[in-house]
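The sequence shown finishes on residue 344 if you use this note's numbering, and the numbering steps up by one all the way, no holes.
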Amino acid sequence: MNIDELIILVVDDNPANLNILFDVFGDMQYDVLFASDGESCLEIVEHEKPDLILLDVMMPGIDGFETCRRLKSNQATQDIPVIFMTALADTVDKVRGFELGAVDYITKPIQPAEVLVRVKTHLTMRKMYTMLEDREKHLRHLVEEKTLTISNITLALVNVLENANKLNDTDTGNHIKRVGEYAAFIAEKYGCPHDFVKRIRLYAPLHDVGKVGLPDKILQKPGLYTSEEFDQMQQHVVFGASLLGIEGIDEMAHNIALYHHERWNATGYVRGLAGAEIPLEARIVAIADVYDALVSKRAYKDALPEAVADEKIREEAGKHFDPELVAVFLQNKKEIIAIKQLFS
Ligand SMILES: [Fe+2]
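Following this line, the structure appears as structure tokens:
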């Protein structure tokens, strides 16, 4: 808002007042528009956007109060500051003006020095308000842009992983998608906010992204791991966390990758965290991941029946898993099975 471009609209039916104000604002190099009644004022603001309106109260036709009410009920003009000019010394009228959205009032007869000070103050406030509004708009736009970029990158990454796993001819592609869906469902039933549910659906499929750092002999080994191989395999959570721990990626993605093998009773890896020390998103993914592994057929094992899988998960409440999440999982088992069928 440049001071040379400021426009002030003066609305008054008294030519003497208009002349005084013309001189006052002319000296200040403001652009001044005049209207002699409320209707003309409303017509002018359809084409011009003044930075401030000085509005007389008693005018022929619609009075200043009604003019102000119409200005404030129109989205295009509601932000323009209005200062009432009134000979009415009655407090009731001043209060009415403020209630209608005016920012100030000037009592007639007009004192040029007072008008100038008040107008300058409100123009400065208006300028600051506009700057803050622009800044907020800009920041909101930046946040939206960043969020969209990160969501798109994550989705692309999930697709790459799914396709890579399909090339490997494993069921992992569908596995990671199902883990995302189970995790989102459990989070929702547990009462997590909508935004949490949305994010866990997006990031849970990346829980094992760190496996790209493991050698094939570990990844494709059909039997049990030796102790050395097990140590090596555990590193996938560290690899995953470093891949997803970069600035700009939601911390939830990092937490899921790093902590999804922690156990409620502190016997998990890689930090040995216990109970609520383990981030909720990782506790949820732990159940989703293990459940899907139990009921899925792999090269080295058959799929377990649902009832057997349920029993194993129930037994691990308070040991491997958060007992409250186990309860939510078992209570909603029908829907979990429906999700499994949908994504198999
Ligand atoms: Fe894992």
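Built from N, CA and C at the ideal position, the CB exists for glycine as well. These figures come from a predicted structure and were not determined experimentally.
Paired residues, beta bridge with residue i - DSSP
i, result
"F321", "A317"
"K301", "R298"
"Y30", "Answer is none; Y30 lacks a bridge partner."
"Y105", "F84"
"V160", "None, per the DSSP bridge assignment."
"V11", "A35 and L55"
Nonlocal neighbours in the same chain, by C-beta distance under 7 Å from residue i, ignoring five residues either side
i, result
"H175", "D292 and S296"
"G180", "R201, A204 and P205"
"G275", "W264"
"D310", "L330 and K333"
"E39", "G61 and I62"
"P50", "I7, I8, L9, L33 and I80"
"Y225", "M233"
"M101", "The sequence given here has Gly at residue 101, not Met. Taken in chain order, the residues that qualify are C68, K72 and V82."
Own chain, CB closer than 6 Å to residue i, minus 5 neighbours either side, in chain order
i, result
"I20", "I110"
"Q78", "K72"
"G268", "H261 and E262"
"A184", "V197, I200 and R201"
"G245", "H254"
"V103", "P81 and H122"
"G97", "F84 and Y105"
"Y30", "L6 and I8"
"L54", "V10, I83 and M85"
Heavy atom of ligand 3 within 7 Å of residue i beta-carbon
i, result
"H236", "As presented, the structure is devoid of ligand 3, carrying ligand 1 as its sole ligands."
Other residues of its chain near residue i: CB distance less than 8 Å, five sequence neighbours each side excluded
i, result
"V237", "G210, A257, L258, Y259, H260, H261, Y269 and V270"
"I150", "G248, I249 and D250"
"L273", "Y259, E262 and A266"
"L214", "Q232, M233, Q235, H236 and F239"
"H372", "The requested residue 372 is not part of the displayed model; the chain covers only 1 to 344."
"L116", "V24 and M28"
Endpoints, the alpha helix (DSSP H) within which residue i is located
i, result
"G268", "Looking at the DSSP string, G268 is not in any alpha helix (DSSP H), and its letter there is neither H nor E."
"Y225", "Run containing Y225: none; DSSP gives neither H nor E here."
"R96", "T91 to E99"
"L347", "Only positions 1 to 344 of the chain appear in this structure, which leaves residue 347 out of reach."
"E335", "K333 to L342"
Inset, instruction - Quick one: which unbroken alpha helix (DSSP H) runs of 4-plus residues sit fully inside the region 27-79? Chain order, please. - result: The region 27-79 contains these whole alpha helix (DSSP H) runs: 38-47 and 64-73.
Inset, instruction - Could you pull out every unbroken alpha helix (DSSP H) segment of at least 4 residues lying fully inside the region 175-216, listed in chain order? - result: Listed in chain order, the alpha helix (DSSP H) runs fully inside the region 175-216 are 194-203, counting runs of at least 4 residues.
Legend entry - Complete beta strand (DSSP E) runs within the region 100-152 (minimum length 3 residues, chain order): Listed in chain order, they are 104-107.
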